[in-house]
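To keep things clear, I will list the structure first and then write my remarks on it.
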Amino acid sequence: MDGVYDCRANRKAIFNRGMTPNIPGNPRGRKTPKRGRKQRYDPAIFEERFRTIERVFAWEDKFRRLLLRFERISDVHYAFKTLAYTMINLRHY
């Protein structure tokens, strides 16, 4: 997650699902850092996850039908997305 999602509610939701959040701190114009427990953040893990997600979005953008949602029925749109992700997996993995 990006620094925009740096809030207590998001961190708590991630902890409740049994995961460890890796969200960079967002100072929001503060002159002093946040008080309290030190937040865990590993830039290497964040960079790797960010690149992976952005790469998948770029691969998804190659499917023009998914760029603009033409289908009025959500099941049809979901089927096209599933087909696109299947083709991405077959091509790249």
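For the sequence shown, numbering that gives the first Met the number 0 begins at 0 and goes up steadily by one. Every residue gets a Cβ at the ideal spot worked out from N, C-alpha and C, and that includes glycine.
inquiry  = According to DSSP, is Ile-22 part of a helix, a strand, or is it coil?
reply    = Sequence index remark: in the sequence shown, residue 22 carries index 23 (1-based). Looking at Ile-22 - three-state DSSP - the assignment turns out to be coil, as it is neither helix nor strand.
ask   = CB Asp-41 to CB Asn-21, shorter than 8 Å?
value = Residue mapping note: residue 41 aligns to position 42 of the sequence shown, counting from 1. Residue mapping note: residue 21 aligns to position 22 of the sequence shown, counting from 1. Yes; because the gap between Cβ atoms is below 8 Å, this pair is in contact.
request  = Give the single residue among Arg-71, Arg-27, Asp-60 and Asp-5 whose Cα lies nearest to the Cα of Arg-39.
outcome  = Position 40 of the sequence shown, counted from the start, is the residue given in the question as residue 39. Nearest C-alpha to Arg-39: Asp-5.
task = Ignore the nearest five residues each way along the sequence and tell me which others in Leu-65's own chain have a CB closer than 7 Å to its CB.
result = Walking along the sequence shown from the start, residue 65 turns up at place 66. Once the five neighbours on either side are set aside, the close Cβ partners of Leu-65 are Glu-59, Phe-79, Lys-80 and Ala-83.
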